[in-house]
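Chemist: Structure in structure tokens, see below.
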Amino acid sequence: MITAQGNEEPRRAQPLETLSSPLSNNLTSPDRLEEYSSPILDLLANLSPFKSPDYISGSSEYGDDIKVAGGKKMRLPNGKSRRTIIEESTSEGENTAKSPVFIPCSDDDTNMYIAASVKEADVKRRMTNSNMKKKFSRKYLLDKVEVCRNLYVKTLGVSIKRVNTALTKLRSQDCLDRRGSKSGGWNKCSDELVSQVICHINSLPKYKSHYRRSESETEYLMSDLTLDKMYDLYCEHVGEAEKVSKAMYTKLFYTNFNLKRAPLKKDTCNKCDTLQAKLTHCKTTEEKTAIDTEREEHCRKWEQARHVMKTDFILATQCKELECLTFDLQKTLPMPKIPTGIIYYKRQLWLYNMGIYSAKTNSSGCFVWIEGMAGKGAQEVGSCLLKYLGEHISEDVEELILWSDSCGGQNRNIKLILMLKAFLHCHPTLKKITQKFLIPGHSYLPNDRDFSHIESAIKKYPRLYTPDDYIQVIKDCKKKNPLKVTLMAKSDFLGTSKVEKMIINRKRGINKECINWLQTREIYIERDSPSSIYFKTDFFGNSVEVNVGRAPVRGRPGLILMEHLVPLWPSGKPVSPAKLADIQSILHLIPQDAQSFYHGLNCDNTIEDDIDGLDTVDFEIQFDDNVE
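Following full-length UniProt numbering, the numbering of the sequence shown begins with 1 at its first residue and continues without gaps.
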């Protein structure tokens with residue numbers, strides 16, 4: 001400071017805590033402040049504190065890798081300013097008292113301060129041959145004192161880009177920060193575009209999940225209809241008109257819809273994945289040991305199941321009295337299969353394929369039917385089994401073993417057991433039928449190999465219109481041991497409604513043991529015990545007998561026979577009205593000679609499209625969160 005007498009008054013550096021900036025609350029060592037001229041220290045001392053709070057980054061669910069990052073700190077430039085900071089700008093007698101500079105901590109106020117303290121003017125001098133793109137000359141002021149740009153940005157703790165942004169906003173006469181506001185910024189997506197996206201997503205066919213549909217309103221899209229594919233369809237639909245970005249499309253999809261993509265039917269073990277996740281984040285040795293023990297026990301069970309299955313395969317080839325079969329349903333196949341983009345907006349008819357493999361003959365068969373003929377439940381699975389058994393089980397066989405995955409809705413339920421009982425008592429030599437189930441997630445069957453061949457072959461055919469087209473592809477997909485394909489008829493599908501009235505579906509054994517179908521690994525029935533079903537939770541454990549018979553009454557049959565099974569869908573299974581309308585709307589894409597097949601479909605207002613191919617619960621479902 002220069003006194004009235006013209007002498008320079010010695011000045012001390014201000015305490016560290018008083019020297020702060022709009023984006024910082026401390027400086028470097030106070031000793032360094034002696035390097036700077038006294039007027040700058042005057043200026044810095046009068047800058048009001050501007051709070052830049054610390055923030056937490058890298059937080060995680062388990063409390064790991066948490067880092068505390070401090071706010072921006074005010075830094076003084078190395079060396080003195082290149083510009084003469086005070087060019088004797090304070091003349092003698094001038095009041096040198098500086099008023100405090102108050103800068104609030106909001107982004108808007110900071111922008112306004114920068115806009116007010118940086119003056120822009122036209123470039124005064126240019127070289128004639130210069131290609132310089134500079135449009136403005138700037139003067140940087142701190143409390144009306146001109147400083148260089150370096151000192152300005154370091155003092156305020158801001159970047160040059162922040163200064164450029166503030167001045168750009170000033171030129172547009174809008175210094176306010178519009179980001180994150182409810183009304184949106186300059187690039188806000190208009191209501192018309194939002195409505196356009198919502199209408200497009202609504203136009204895609206949706207399906208209900210068969211399981212727990214009463215507990216969830218979630219709907220499903222087709223398994224191959226990814227967000228990338230949906231956005232491509234949207235762009236194709238909009239054409240050259242204005243459209244939203246992919247990020248906005250994704251945001252609108254997740255915020256306005258409760259939709260999921262139907263997962264591909266691939267076996268993954270939920271328990272293995274869960275234990276691996278727990279093992280990754282366990283913190284104590286005891287916890288790790290417990291998880292390892294549980295995982296080893298789980299691995300022992302699925303390895304044991306696969307070993308038992310391989311043993312049964314070998315025995316079936318060596319013993320003529322034993323037959324061992326595996327069966328499984330392939331994922332549903334769309335019909336018609338057309339590469340046209342419009343097909344993604346239409347509900348298609350499903351074609352079902354059930355594979356049955358014989359370990360004795362090392363041969364496979366496929367049983368094909370369409371959605372308009374029957375569904376995909378336990379009775380349809382049992383009907384395919386009965387048709388195969390009636391044609392292929394010879395009179396030499398006394399014991400039949402059936403291996404499958406653990407799907408309760410199709411393979412492990414009372415309806416299928418009753419249908420097998422009917423066949424058992426009608427076959428002349430068969431004495432015992434056993435169902436065995438692999439561990440979920442580790443249920444790879446020989447049928448899966450056949451399905452892989454079928455799906456690979458189908459990819460080579462972009463257009464398939466009728467079941468006969470699919471059947472021909474299935475027959476040709478394997479050169480060695482080709483698949484034998486049977487097209488099911490309506491009369492082949494049988495139901496158990498009459499048989500269920502002849503029994504009592506008890507949940508406890510004869511010794512009051514509780515029966516849990518989902519934890520059952522083996523079920524068997526015997527000709528000599530027509531009213532009993534035997535359950536095992538371990539392949540080598542003891543069985544629990546359940547008596548499902550009623551008390552003897554005159555006129556009531558004592559045995560369950562094939563004659564007691566009634567036609568399941570005598571006139572075919574109707575489809576939903578929406579699906580029938582969609583199919584009729586794409587008939588122009590189907591050749592004339594294939595259209596007659598689709599004209600035979602019926603609809604019913606009570607039918608609801610289902611992503612699992614099921615429309616009514618035809619079996620009893622148990623839910624057990626602890627089941628493997």
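Here a beta-carbon is modelled for each residue, glycine too, at the ideal position from N, C-alpha and C.
How many angstroms separate the CA atom of residue 218 from the CA atom of residue 255?
Modeler: Going by the C-alpha atoms only, they are around 14 Å apart.
Chemist: By DSSP, does residue 496 sit in helix, in strand, or in coil?
Modeler: Residue 496: coil per DSSP, three-state reduction.
Chemist: Hey, is residue 427 close to the ligand HEM, as in C-beta under 7 Å from one of its heavy atoms?
Modeler: You won't find the ligand HEM in this model; it holds no ligand whatsoever.
Chemist: Measuring alpha carbon to alpha carbon, tell me which of 233, 316, 399, 282 ends up nearest residue 339.
Modeler: 233
Chemist: Determine the DSSP secondary structure at residue 207, reduced to helix, strand or coil.
Modeler: Taken through DSSP and simplified to helix, strand or coil, residue 207 comes out as strand.
Chemist: With 16 as the cutoff for other CB atoms within 10 Å, does residue 413 come out buried or exposed?
Modeler: buried
Chemist: Any idea what DSSP makes of residue 508, helix, strand or coil?
Modeler: strand
Chemist: Is it the case that the Cβ atoms of residue 327 and residue 385 are separated by a distance below 8 Å?
Modeler: yes
Chemist: Considering only the beta carbon of each residue, do residue 526 and residue 432 sit closer than 8 Å?
Modeler: yes
Chemist: Please go through the same chain and pick out, in chain order, the residues whose beta-carbon is closer than 7 Å to the beta-carbon of residue 451, but skip the five residues on each side of it.
Modeler: 330, 355
Chemist: Suppose only complete runs of 4+ residues qualify. What are the alpha helix (DSSP H) ranges in the stretch 213–261, listed by chain order?
Modeler: 227–238, 246–256
Chemist: Just confirm the distance between the C-beta atoms of residue 565 and residue 495, as a whole number of angstroms; I'd bet it's less than 8 Å.
Modeler: The Cβ separation is near 7 Å, so the contact holds.
Chemist: Leaving aside the five residues before and after residue 587 along the sequence, list all residues of the same chain whose C-beta is less than 6 Å from its C-beta, in chain order.
Modeler: 595
Chemist: Taking residue 469 as the reference, which of 401, 336, 237, 346 has the closest Cα?
Modeler: 336
Chemist: Three-state secondary structure (DSSP) at residue 486?
Modeler: strand
Chemist: Out of 118, 137, 323, which has the shortest C-alpha to C-alpha gap to residue 126?
Modeler: 137
Chemist: In terms of DSSP beta bridges, what is residue 534 paired with?
Modeler: 524, 545
Chemist: Considering residue 309, what are the terminal residues of the alpha helix (DSSP H) in which it resides?
Modeler: 285–318
Chemist: Taking 6 Å as the limit between beta carbons, can you name the residues of its chain near residue 597, skipping five residues before and five after?
Modeler: 466
Chemist: Could you please give the first and the last residue of the uninterrupted alpha helix (DSSP H) stretch that includes residue 447?
Modeler: 446–458
Chemist: Assuming residue 411 contacts residue 381 under a Cβ cut-off of 8 Å, what Cβ separation, rounded to an integer in Å, is found between them?
Modeler: 7 Å
Chemist: In the DSSP output, which residue or residues are listed as bridge partners for residue 376?
Modeler: For residue 376, which the question treats as bridged, DSSP gives no partner whatsoever.
Chemist: For a test of the three-state rule: what should DSSP assign to residue 353, helix, strand or coil?
Modeler: Note: residue 353 maps to strand in three-state DSSP.
Chemist: Between residue 589 and residue 379, is the Cβ-Cβ spacing less than 8 Å?
Modeler: Going by C-beta atoms, residue 589 is not nearer than 8 Å to residue 379.
Chemist: Among 575, 563, 405, 445, which one has its Cα closest to the Cα of residue 519?
Modeler: The residue with the shortest Cα to Cα distance from residue 519 is 405.
Chemist: Can you tell me the Cβ-Cβ gap for residue 359 and residue 305, rounded? I've got them flagged as a contact below 8 Å.
Modeler: That pair is no contact at about 15 Å.
Chemist: How big is the Cα-Cα spacing for residue 479 and residue 237?
Modeler: 43 Å
Chemist: Helix, strand or coil for residue 112, going by three-state DSSP, please let me know.
Modeler: helix
Chemist: Here's the rule: buried if 16 or more other CB atoms are within 10 angstroms of the residue's CB, otherwise exposed. What is residue 374?
Modeler: buried
Chemist: In this structure, how does DSSP classify residue 410 when only helix, strand and coil are distinguished?
Modeler: Three-state result, residue 410: coil.
Chemist: So who's on the other strand from residue 173, going by DSSP bridges?
Modeler: Per DSSP, none; premise fails for residue 173.
Chemist: Tell me the DSSP bridge mates of residue 403?
Modeler: 326, 436
Chemist: With DSSP as the reference, label residue 334 as helix, strand or coil.
Modeler: strand
Chemist: Mind checking which residues open and close the beta strand (DSSP E) that includes residue 393?
Modeler: From DSSP, residue 393 is part of no beta strand (DSSP E); its letter is neither H nor E.
Chemist: To the nearest angstrom, report how far apart residue 600 and residue 370 are at their CA atoms.
Modeler: 12 Å
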